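Enquirer:
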Amino acid sequence: MHTLAVNVDHIATVRQARQISEPDPVTAAALAELAGCHAIIVHLREDRRHIQDRDVEVLRKTLKTRLNLEMAATAEMIDIACRIRPDMACLVPEKREELTTEGGLDVAGQSAHIFRSVQALQAAGIMVSLFIDAAEDQITAAHASGAECIEIHTGHYADAVRQSDQDREFDKIAEGIEHARAVGLRVNVGHGLNYHNTQRLVPIAAIEEFSIGHSIIARAVLVGMERAVREMLDIIRG
Ligand code: PXP
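The working numbering puts the sequence shown at residues 39 to 276.
(1) Give me the Cβ distance between V225 and I190, rounded to the nearest whole Å; I'm assuming they're in contact under 8 Å.
(2) Skipping 5 residues on each side, what residues in its chain have a beta carbon closer than 7 Å to that of S253?
(3) Run the proximity test for I49: is its beta-carbon closer than 6 Å to any non-hydrogen atom belonging to the ligand PXP?
(4) CB of G214 to nearest heavy atom of the ligand PXP: below 6 Å?
(5) So R104 is in the beta strand (DSSP E); what residue range does that whole segment cover?
(6) What would DSSP say about S59, mapped onto helix, strand or coil?
(7) Could you name the residues of the same chain whose beta carbon sits closer than 7 Å to that of I116, not counting the 5 residues immediately before and after it, in chain order?
(8) Taking DSSP's pairing of strands, which residues face M263 in a bridge?
(9) Taking the DSSP output, what are the residues bridged to T178?
(10) Which residues have their C-beta within less than 5 Å of a heavy atom of the ligand PXP, listed in chain order?
(11) S249 lies in the beta strand (DSSP E); which residues open and close that run?
(12) Is it true that the segment 97-111 meets the segment 127-147, where meeting means three or more beta-carbon pairs spaced less than 8 Å apart?
(13) Pick out whichever of Q57, L82, I58 and M39 has its Cα sitting closest to the Cα of N45.
(14) In the DSSP assignment, what residue or residues form a beta bridge with S167?
(15) Less than 7 Å between the beta carbons of H88 and T51, yes or no?
(16) Quick check: what's the CA-CA separation for G262 versus N235?
(17) Could you give the distance in angstroms between the alpha-carbon of A196 and the alpha-carbon of A266?
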């Protein structure tokens with residue numbers, strides 16, 4: 039059975055827009071757990087644009103499920119991860135100017151650096167996942183790095199507009215998963231997955247976990263709107 043890891047970064051995006059204390063991603067994480075999710079993901083970015091250090095610390099203490107920390111393979115982030123000890127660290131590429139993670143980590147192009155990062159995290163007892171494109175050279179390099187797990191970047195599949203493009207990206211993902219499983223890697227998938235495009239991936243039994251953020255938070259805002267307005271009306275009407 040597949041599991042679901044919920045990324046609550048965008049609850050923090052809304053909070054940071056006002057630089058106040060709500061909405062709190064820790065509360066959102068607790069509600070996601072009550073709904074039955076299997077893990078919570080947060081991306082502590084170098085620029086701290088959404089998730090803050092405090093969030094990761096409080097989540098580590100309060101989560102009943104697993105904490106997956108997405109992070110760049112930098113000395114600062116590795117120190118933080120080794121101190122906080124999430125259940126999993128997912129190494130991702132990070133650029134200040136990007137709106138969100140734009141593509142997979144180039145493991146093949148920086149294998150010595152990734153190898154050292156994986157070793158440091160594993161020495162602190164943290165399982166390591168590498169967020170990569172479904173390309174054979176990246177999967178081979180991920181395996182060689184000693185990481186236990188990969189997360190296949192589904193962004194190109196999710197962004198495809200034409201059916202033929204989506205089919206091509208789907209085939210790449212399916213082949214990548216097969217290759218990764220053949221070398222013994224655990225496989226998660228994520229990025230851009232929503233209530234429509236996730237359905238096509240569900241029959242792929244080798245996928246362990248779906249990592250989903252934006253579409254769940256976007257839907258939560260809309261399905262919660264009526265209730266939020268009614269509650270304020272009740273107050274105003276005394
Ligand atoms: N997986 C990784 C590695 C990511 O960087 C992100 C975005 O933070 C996600 C999954 C979730 O993507 P989305 O918010 O598009 O569902």
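Positions of the beta carbon are idealized from the N, C-alpha and C atoms, including for glycine.
Predicted model, so just to flag it, every value in this text is computed and none were measured.
Expert: Per the coordinate set shown:
(1) 6 Å
(2) L231, N232 and Y233
(3) no
(4) No; taking the cut-off as 6 Å, the Cβ of G214 has no heavy atom of the ligand PXP nearer than that.
(5) R104 to M109
(6) coil
(7) S155, A158 and L159
(8) The partner list for M263 (beta bridge, DSSP) is empty, contrary to what the question assumes.
(9) Answer by DSSP bridge pairing: none, since T178 is not bridged.
(10) N45, H81, V130, T139, F169, G228, H229, G230, S249, I250, G251 and H252
(11) E247 to I250
(12) These segments touch.
(13) L82
(14) Looking at the DSSP assignment, S167 forms a beta bridge with C128 and C187.
(15) yes
(16) 23 Å
(17) Between A196 and A266, the alpha-carbon positions lie close to 31 Å from each other.
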